[in-house]
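**Q** There's a structure below that I have some questions on.
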Amino acid sequence: MSTTAIPHTRQELLRQQEAVFSSIPGLNALRHAAPESVPELEAKYPDAAFALMISDNLFVGDREQNEIHQKAYTAILNGESITGVRFKYDYDLESYLLRHMWD
């Protein structure tokens with residue numbers, strides 16, 4: 040049985056994020072890009088753009104939205120393919136929107 044260590048401190052979580060994010064092509068270019076270059080780089084590196092969007096939105100919205108973002112973030116840090124994470128994220132967000140469309 041394999042177990043994955045769960046980071047217990049913010050510093051550990053940020054170290055894990057840096058290790059994983061540094062392996063995503065284009066992520067560092069996006070982080071350091073001039074604002075006018077960002078759209079072109081996001082189109083060129085959609086996985087990097089998605090990972091940054093998820094990490095920037097961990098605590099944005101209500102509880103359910105936070106859970107959706109945090110689930111995607113954790114999956115990325117656990118090494119799941121970003122394509123698969125994005126598929127699950129899109130499904131979860133669409134389900135959320137359908138449930139709350141009339142709120």
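Residue numbers are given in the numbering used here: position 30 of the sequence shown equals residue 69, and the series is strictly consecutive. For each residue, glycine too, the CB sits at the ideal point set by N, CA and C. Only a predicted model underlies this, so the values are computations on that prediction, with no experimental measurement involved.
For arginine 138, which option in Arg49, Gln104, Gly65 and Arg54 has the closest C-alpha, if you only look at C-alpha atoms?
**A** Gln104
**Q** Tell me, to the nearest whole angstrom, how far the beta carbon of valine 77 is from that of leucine 66; I am working on the premise that it is less than 8 Å.
**A** Between leucine 66 and valine 77 the Cβ distance is about 13 Å, and since that is not below 8 Å, they are no contact.
**Q** How about isoleucine 107 and alanine 87: are their beta carbons less than 9 Å apart?
**A** no
**Q** By alpha-carbon positions, which one of Gly100, Phe60, Asn96 and Phe98 ends up nearest to tyrosine 15?
**A** The question about residue 15 has no answer here: the residues shown for the chain are numbered 40 through 142.
**Q** Label tyrosine 128 either buried or exposed according to how many other C-beta atoms from any shown protein chain fall within 10 Å of its C-beta, with 16 as the threshold for buried.
**A** Buried: at least 16 other Cβ atoms inside 10 Å.
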